[in-house]
């Protein structure tokens, strides 16, 4: 994943990689900041509508070249407001010079994201189970008073719930975007 991120930085034109400069009070010029966005993804049939249980917001991590987590101190919208473009040629040169530091920061971010992955999956699983359990209880109550509700429908609902659980367990955080900011 880290190698892929480095390739995105070096060869990507638009979309999932960016390099900018920022002016931050209290941050030494030349300080390198790496913002990584991770999304919880899973492959599932569209009919399961699994994305409704996944977090809508990506996991955002921001680290400086000393490895400090600055995600809370510098929100994404604030970073976006103070970011200034860097010419493409300059960006390539800067990234090549800082490749080892970037590699280390991306490794650290990846490890931190992996630690958060279980929490996100558990939250999605709990939300799914609560919703599905309520639906099953309604279906069972309806079956008691309505003979048109067949056992096959109840079994299908339970099988779908089991499939949702299996797919959610297979979910993983994936690096979606990287932004490198250099303090000036």
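Residue numbers (the numbering used here): 540 to 723. Note that CB positions come from ideal geometry on N, CA and C, so glycine has one too. Values in this document were obtained by computation on a predicted structure and should not be read as measured data.
Contact check for residue 572 and residue 720: beta-carbon distance about 4 Å, within the 8 Å limit, so the pair qualifies.
With respect to the 8 Å criterion, residue 706 and residue 583 are classified as neighbours on the basis of their beta carbons.
DSSP places residue 570 in the coil class of the three-state scheme, outside both helix and strand.
With contacts defined as CB atoms closer than 8 Å, residue 678 and residue 692 qualify as a contacting pair. A distance below 8 Å between beta-carbons, with the five flanking residues on each side excluded, links residue 629 to no residue of its chain. Here residue 593 carries a coil assignment [DSSP, helix/strand/coil]. Nearest to residue 708 by C-alpha distance, out of 565, 620, 580, 651, is 580. In the DSSP assignment, no residue is bridged to residue 563. Taken atom to atom, the span from the alpha-carbon of residue 696 to that of residue 611 is near 41 Å. Distances from the CA of residue 605 to each of 559, 599, 643 were compared; the closest alpha carbon is that of 643.
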